[in-house]
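Written out below as structure tokens is the structure these notes cover.
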């Protein structure tokens, strides 16, 4: 196991946080894995926050944008991911404002169309159930896509 001075760890963690947005949870976990004592972890975390390498709100907003616009996750799956990073509920609600509601509805339609095209039996009850399971797995709630899905199976 390698031993590092506080200054070396501060620089390592500054680079770690500069590479991509990180949550406090991720950084603390990394510091514990490095064998840092709690007092050193607190000092390093304080340094990273003061120097603006670490910002929970910025992380949460970037996470929401990335997971929705790149991975096309629904709000439920995004919320679960943020909870795993131990982000506070108020901050989660703020971060979810990054998703434009029109984009959200458009994405649901696109996902339904994409899944429907991939199915051999496009108009059956089983096809509808597969699409529902697919959307729920992607993190969408039925009340968010039920009306849109009805349009496809009218």
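Numbering (our numbering), first residue to last: 249 to 402.
Every residue gets a Cβ at the ideal spot worked out from N, C-alpha and C, and that includes glycine.
In the three-state reduction of the DSSP assignment, residue 262 falls in the helix class, which pools H, G and I. Within the same chain, and ignoring the five residues on either side of residue 363 in sequence, the residues whose Cβ sits closer than 6 Å to its Cβ are 379, 382. By the beta-carbon neighbour count (other beta carbons within 10 angstroms, threshold 16), residue 307 is buried.
Counting only runs of 4 or more residues that sit fully inside the segment 312 to 337, the alpha helix (DSSP H) segments are 323 to 332, in chain order.
Considering only 353, 387, 372, 385, the residue with the shortest C-alpha distance to residue 395 is 353. Rounded to whole angstroms, residue 293 and residue 256 show a C-alpha spacing of 14 Å. Counting the other Cβ atoms within 10 Å of the Cβ of residue 270 gives 16 or more, which makes it buried. In this structure the segment 278 to 287 does not touch the segment 312 to 325; the number of beta carbon pairs closer than 8 Å is below three.
One Cα belongs to residue 376, the other to residue 350, and the distance between them is close to 23 Å. Using a 10 angstroms sphere on the CB of residue 343, the tally of other CB atoms reaches 16 or more, which defines it as buried. At least 8 Å separates the beta-carbon of residue 356 from that of residue 340. Counting along the chain, the unbroken alpha helix (DSSP H) around residue 273 starts and ends at 272 to 281. In this structure, 304 is the residue among 304, 263, 291 with its C-alpha nearest to the C-alpha of residue 336.
When only Cα atoms are considered, residue 264 and residue 274 end up about 10 Å apart.
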